[in-house]
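Every position in the sequence shown, counted from 1, becomes a number in this note's numbering once 45 is added.
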Amino acid sequence: MAPRARQAIEAPAQVWVLVREHPVPLFASTSALVAELERIHGPRCAVWHTDELLMGVEDGRLILRTLGGLDVPPPKVVLVRQVPGSMDGNREIALLRHLELMGATLVNPASAHRRCGSKLEQLQHLALAGLPVPDSLTYATAPLTGVVRTPGLPTPCVVKSGSGKGGQQVFLAPDRGMLKAVAGSLTPDTTWLLQEYVAASHGRDLRVVVVDGQAVGAQVRTSSDGSLAANLARGGGAQVCAGRYPRAEALAVEAARALGLAIAGVDLLFASGDPEAPECPDEAEGVADPEDAEGGYVIGEVNAVPGISPRRMPQAIPAITAYVDRLLRAPGSTGSTGSTGST
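In structure tokens form, the structure reads like this:
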């Protein structure tokens, strides 16, 4: 029996922005990015939510389908705007890989999103690339109560979830006694990472956003209450410092390259120097002289879906749209127009 003919979307978009399931709202920076992509590409750009799509194999071919049964041709380029820490390997990452196998180009490949969802895997790749990372220890199936009794484990020690995001599930254990005391109360469903404490960067880090091998924005982030994490999601403050730390920006570019990321937010810890954030030059004064004294850095974390606030990082969205345009013009691009998905 011949397979039943299915309807397909007639004018598929060539650029997708893939976001979280409904009803999770878009970040303001993602909305700004979508608006600019739609301005440039018109109906060639569409937003898809992960809960709008089905994937599978039928009659020996890969398929992508809407919940309503329409076949969806793969786009040329997919830009993911979902934090890797919230992705599951058997769900969202599987969808990204399916899109790649159907011929789509992901701005950041599925393998890079997977790496960024695991703090250990990040550390492994960064260390193998010869880049500076904190000494870290984790485990497979050993009980955490036994891990914290390992001889030679340094304290103070940073304890963090192996897949946490936004500065959540991170705390400082000041001594071995405290580390042992809290180990029994931490959820065994989470794998924990025990990491070297970088005292010079307590409550302070440097976020550098990299696009296509170039640093397009930087900001010093500081904790608002003296706590360890400086994430903006936890109420921290930020001071724009593009160009102030040239060696840090160069290190961020290397980190993005090591993890296979075209777009990355690299969080750097200040390994030395004045623990107080220096004043950053404003636009009227221009950037600091690259020859100014600059301390060392340790890579704290790399994010495959960084915040790209147009106000704080005005160069980020233009750099991303230029990169998407370059991918569209690559050999094999159909250059067709159309629209699908939801906006």
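Backbone N, C-alpha and C fix where the C-beta goes; we use that ideal spot for every residue, glycine too.
Since the structure is predicted, the reported quantities are computational estimates derived from the model, not experimental observations.
Would DSSP call Glu-321 helix, strand or coil?
Because the pLDDT at Glu-321 is just 42, under 50, the model does not fix this residue reliably, and the value given afterwards should be weighed accordingly. Here Glu-321 sits in coil by DSSP.
In the DSSP assignment, find the beta strand (DSSP E) that holds Asp-370 and state where it starts and stops.
Run containing Asp-370: none in the beta strand (DSSP E); it sits in the alpha helix (DSSP H), 361-373.
Candidates Leu-372, Val-64, Met-100: which alpha carbon is nearest Thr-111's?
Met-100
Going by Cα to Cα distance, which pick from Ala-58, Leu-98, Gly-114 is closest to Ala-139?
Out of Ala-58, Leu-98, Gly-114, Leu-98 has the C-alpha closest to the C-alpha of Ala-139.
By a C-beta neighbour count over all protein chains shown, 10 Å radius and 16 as the cutoff for buried, is Thr-75 buried or exposed?
When all chains shown are included, Thr-75 counts as buried.
Any contact between the region 160-173 and the region 340-360? By contact I mean 3 or more CB pairs, one from each, below 8 Å.
Yes, since at least three Cβ pairs between the region 160-173 and the region 340-360 fall closer than 8 Å, the two stretches touch.
For Arg-89, does the count of other Cβ atoms within 10 angstroms reach 16, so buried, or fall short, so exposed?
buried
Below 7 Å CB to CB, which residues in the same chain sit around Thr-366 once its five sequence neighbours on both sides are set aside?
Glu-81, Leu-82, Ile-85
Please identify the residue among Val-203, Ala-263, Val-193 whose C-alpha is closest to the C-alpha of Gly-229.
Val-193
Skipping 5 residues on each side, what residues in its chain have a beta carbon closer than 8 Å to that of Ala-293?
Leu-251, Val-253, Ala-263, Leu-313, Glu-339, Tyr-342
If we call anything under 7 Å between Cβ atoms a contact, is Gln-259 one with Val-203?
Judged by beta-carbon spacing, Val-203 lies beyond the 7 Å limit of Gln-259, meaning their Cβ atoms are not closer than that value.
If the criterion is Cβ atoms closer than 7 Å, does the pair Leu-171 and Ala-283 meet it?
no
Applying the 10 Å Cβ sphere with the 16-neighbour rule, what's the burial state of Gln-127?
That one is buried.
Please name the residue, chosen from Asp-180, Gln-214, Gly-209, that lies closest to Pro-201 on a Cα-to-Cα basis.
Asp-180
On the DSSP bridge list, what partners appear for Ala-309?
Its beta-bridge partners are Val-255.
Please report how far the alpha carbon of Ile-54 lies from the alpha carbon of Arg-136, in whole angstroms.
23 Å
Taking the straight line between their C-alpha atoms, what separation do you get for Val-285 and Val-69?
Distance between the alpha carbons of Val-285 and Val-69: 28 Å.
DSSP three-state call for Val-332: helix, strand or coil?
Residue placement at Val-332 is flagged as unreliable, the pLDDT there being 42, under the threshold of 50; the coordinate-derived value follows with that caveat. Looking at Val-332 - three-state DSSP - the assignment turns out to be coil, as it is neither helix nor strand.
Tell me which residue opens and which closes the alpha helix (DSSP H) that Arg-221 is part of.
Counting along the chain, the unbroken alpha helix (DSSP H) around Arg-221 starts and ends at 221-228.
In terms of residues, what are the limits of the alpha helix (DSSP H) holding Ser-131?
That residue, Ser-131, is in no alpha helix (DSSP H); it is neither H nor E in DSSP.
Suppose the cutoff is 7 Å on Cβ atoms and the five residues either side in sequence are ignored; what does the same chain contact list for Leu-217 look like?
Pro-201, Val-203, Tyr-242, Leu-273
Flag this pair as yes or no: are the beta carbons of Thr-150 and Val-117 separated by less than 7 Å?
no
With a CB to CB cut of under 6 Å and the five nearest residues on each side skipped, what residues in its chain are close to Gln-433?
Residue 433 is absent from the model: the chain starts at 46 and stops at 388.
Buried or exposed for Gln-214, please, with buried defined as at least 16 other CB atoms from any protein chain shown within 10 angstroms of its CB.
buried
Kindly list the residues whose CB is nearer than 7 Å to the CB of Pro-119, restricted to its own chain and excluding five residues on each side of it in sequence; keep chain order.
Leu-109, Leu-144, Met-147, Gly-148, Ala-149
Mapping the DSSP letters down to three states, classify Glu-346 as helix, strand or coil.
strand
Tell me the DSSP secondary structure of His-67 in three-state form.
Reduced to three states, the DSSP call for His-67 is coil.
For Tyr-184 versus Asp-257, is the C-beta distance shorter than 7 Å?
no
Taking the alpha carbon of Gly-305 as the point to measure from, which residue in Ser-156, Arg-356, Pro-291 has its own alpha carbon closest?
Ser-156
State buried or exposed for Ala-297, treating a residue as buried only when at least 16 other CB atoms are found within 10 Å of its CB.
It is buried - the Cβ of Ala-297 has at least 16 other Cβ atoms within 10 Å.
If you scan the region 137-178 from start to end, which runs of the alpha helix (DSSP H) of 4 or more residues do you find wholly inside it?
Inside the region 137-178, DSSP marks whole alpha helix (DSSP H) runs of 4 or more residues at positions 137-146, 155-161, 164-173, from first to last along the chain.
Tell me, please, which residues DSSP counts as bridged to Val-204.
For Val-204, which the question treats as bridged, DSSP gives the partners Phe-216, Leu-239.
Is the beta carbon of Thr-236 sitting closer than 7 Å to the one on Gly-207?
In contact: Thr-236 and Gly-207 (Cβ atoms closer than 7 Å).
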